[in-house]
Amino acid sequence: MKKILFPTDFSESSTNAFVHALEFAKIVNAELILLHTFEIPVYDSQFFPENYAVIYSSIELAKFEMFKDEIPKLRTIAMERNLEDIVIKHRLMDGDLIYNLKNAVEEDNVDFVIMGTSGVSDWTKFFLGSNTSSVISEVKVPVLCIPADTKFKKIKTIGFTTRYREKDKVELIKVLEIAGKTNAKVKSLYVKTSSSDVSDATIKEWEKEFENENVEFLVLPSDEVKETILDFILYKDIDVLTTITHKRSFFESIFDSSFTQKIAKEVSVPVLVMHET
0 MKKILFPTDF SESSTNAFVH ALEFAKIVNA ELILLHTFEI PVYDSQFFPE NYAVIYSSIE
60 LAKFEMFKDE IPKLRTIAME RNLEDIVIKH RLMDGDLIYN LKNAVEEDNV DFVIMGTSGV
120 SDWTKFFLGS NTSSVISEVK VPVLCIPADT KFKKIKTIGF TTRYREKDKV ELIKVLEIAG
180 KTNAKVKSLY VKTSSSDVSD ATIKEWEKEF ENENVEFLVL PSDEVKETIL DFILYKDIDV
240 LTTITHKRSF FESIFDSSFT QKIAKEVSVP VLVMHET
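In terms of numbering that gives the first Met the number 0, the sequence shown is residues 0 to 276.
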């Protein structure tokens with residue numbers, strides 16, 4: 000059985016992402032590991048010579064009680080969606096989120112990480128900020144990023160951005176496996192700019208190799224890469240967009256100013272970030 004690590008702060012956006020995590024666990028036949036981390040503030044022991052240990056113990060106890068109170072709420076959500084059979088385990092850890100998340104991935108042999116954002120204004124920060132950049136760069140498993148307020152819907156179409164590199168085939172195969180479990184179609188997009196070095200022969204080779212798979216290859220000539228990708232998400236009814244970590248420039252070009260707002264409000268979809276192998 001596969002394992003999904005779901006870091007949560009029990010906020011509204013995290014609860015929304017939890018629904019996606021549950022449904023994705025059903026699709027890939029996985030158990031969920033809920034991770035809540037907290038950092039204990041540093042106190043100067045010279046001011047609390049007698050109560051120093053008590054302060055730390057009380058903080059840990061408060062976090063444990065909060066964690067214990069929130070778990071039944073999440074289990075209720077699972078029952079309401081008839082997903083109470085999904086195995087849910089828990090991790091409460093103190094310390095840095097990224098450090099603990101990385102350790103949890105390694106110790107529990109996690110296959111996926113699913114994370115939620117906290118709002119429209121955080122999109123750029125979420126993809127380019129220190130936390131998520133660290134997760135994507137240091138955690139060598141796929142990371143599914145859920146925009147705030149994006150409700151789960153049945154996955155019918157998965158978008159896959161590619162540069163027709165040989166490495167991309169490995170990730171495409173993984174995406175096709177996921178798509179097969181939910182009878183989804185994969186639509187692969189390559190935006191062919193005027194400086195493209197991808198030959199027509201390479202494109203035809205891919206089409207031939209995957210001709211028996213439920214995948215459609217789209218090659219759209221344009222130097223307006225971000226607009227083309229946005230249109231692809233919108234007009235091809237993409238339910239989940241998949242990209243690969245070598246395309247960090249993809250995030251830098253898409254998730255900025257007005258395009259951040261446009262994606263969040265008009266074409267907001269979960270993003271599955273794969274890793275080169």
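Note that beta-carbon positions come from the ideal geometry of N, C-alpha and C, so glycine has one too. Predicted model only: the values in this text are computed from it and were never measured.
Whole angstroms are fine: how far does the CA of residue j sit from the CA of residue i?
i, j, result
"L100", "D199", "42 Å"
"W205", "F231", "20 Å"
"K235", "I228", "10 Å"
"T241", "V27", "16 Å"
"L271", "C144", "6 Å"
"H89", "L4", "10 Å"
"E190", "I172", "The question names Glu, but residue 190 in the sequence shown is Val. The alpha-carbon atoms of V190 and I172 are separated by roughly 20 Å."
"K25", "F151", "13 Å"
"T123", "T116", "Note that T123 scores 43 on pLDDT, short of 50, meaning its location in the model is unreliable and no value can be drawn from it."
"E210", "I243", "22 Å"
"Y163", "L34", "36 Å"
"P6", "P269", "16 Å"
"F254", "M114", "Since pLDDT at F254 reaches only 44, below the 50 mark, its modelled position is unreliable, and no value is offered."
Grouping DSSP H, G and I as helix and E and B as strand, with all else coil, what is residue i?
i, result
"T149", "coil"
"V104", "helix"
"F231", "helix"
"T14", "helix"
"L91", "strand"
"F216", "strand"
"N278", "With the chain running from 0 to 276 in the structure shown, residue 278 is simply not present."
"G118", "Note that G118 scores 46 on pLDDT, short of 50, meaning its location in the model is unreliable and no value can be drawn from it."
"H19", "helix"
What does residue i pair with, by DSSP beta-bridge criteria?
i, result
"I243", "M273"
"F159", "S187 and T241"
"V142", "V112 and V272"
"F5", "L33"
Answer yes or no: do residue i and residue j have a C-beta to C-beta separation smaller than 8 Å?
i, j, result
"T149", "S10", "no"
"E170", "M273", "yes"
"D110", "K2", "yes"
"V86", "I154", "no"
"V174", "V142", "no"
Three CB pairs or more closer than 8 Å across the segment 158-168 and the segment 178-187: yes
Inter-stretch contact at 8 Å, needing at least 3 Cβ pairs: the segment 98-116 / the segment 67-85: no
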